[in-house]
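In our numbering, the protein residues as written are 96 to 274.
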């Protein structure tokens, strides 16, 4: 967990949270072919795990793993592995304009006011300033709140929806091949 710089260290390992975990597992297999000298077996293994922080004995915080930036939110009620960041606008309707029609928190490549008519969607589906696509001035716009600050929201989840594996064994006399 992060520490105050007055402590002389930037972080400390603590058992500061309670997790609730649920895992479902399933495995099945069987002989598909069984003869005197040869045979084939097939199998499947499936699992799904979810972990939620149910109690946190400190304020919520963001955590990076390895060289990753601090994208993982540790917070009560939030699933472990959910990534947070600033969301990029994919529609002009996602953006906030002030009373004079100017885009809040942004300006054009030349420093002027950007209005709805000055924006377009690029080939990747993000809102950009018209005429900047495929140039060094092409930048997507972030969704912002009324004060102009970028909105931080869940942008992904590091956990897979599920894990699944298939296996097969082929046998011929005293030789077996497992995959």
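Ideal Cβ placement from N, Cα and C applies to all residues, glycine included. Just so it is clear, the structure is predicted and the values come from calculations on it, not from any experiment.
At what residues does the beta strand (DSSP E) containing residue 112 begin and finish?
Unbroken beta strand (DSSP E) run through residue 112: 112 to 129.
Secondary structure at residue 189, three-state DSSP: helix, strand or coil?
It is helical.
Helix, strand or coil for residue 253 per DSSP?
Residue 253 carries a coil assignment under DSSP once its states are collapsed to helix, strand and coil.
Taking only three categories from DSSP, how would you classify residue 204?
The three-state reading of DSSP puts residue 204 in coil, since its state is none of H, G, I, E or B.
What does the alpha-carbon distance come out to for the pair residue 215 and residue 224?
CA-CA distance, residue 215 to residue 224, rounds to 6 Å.
According to the neighbour-count rule (16 or more other Cβ atoms, all chains shown, within 10 Å of its Cβ), is residue 239 buried or exposed?
Buried: at least 16 other Cβ atoms inside 10 Å.
Just how far apart, CA to CA, sit residue 185 and residue 222?
Going by the C-alpha atoms only, they are around 6 Å apart.
With distance defined between alpha-carbon atoms, name the residue in 170, 150 and 176 nearest to residue 156.
Ranked by Cα distance from residue 156, the first of 170, 150 and 176 is 170.
Could you give the distance in angstroms between the alpha-carbon of residue 201 and the alpha-carbon of residue 102?
The alpha-carbon atoms of residue 201 and residue 102 are separated by roughly 38 Å.
Applying the criterion that 16 or more other CB atoms from any shown protein chain within 10 Å of the CB defines a buried residue, is residue 273 buried or exposed?
When all chains shown are included, residue 273 counts as exposed.
Residue 124 and residue 266: beta carbons closer than 7 Å?
Between residue 124 and residue 266, the C-beta spacing is not below 7 Å.
Contact check, residue 153 vs residue 174 under 8 Å by CB: the rounded distance?
About 18 Å; that fails the 8 Å criterion.
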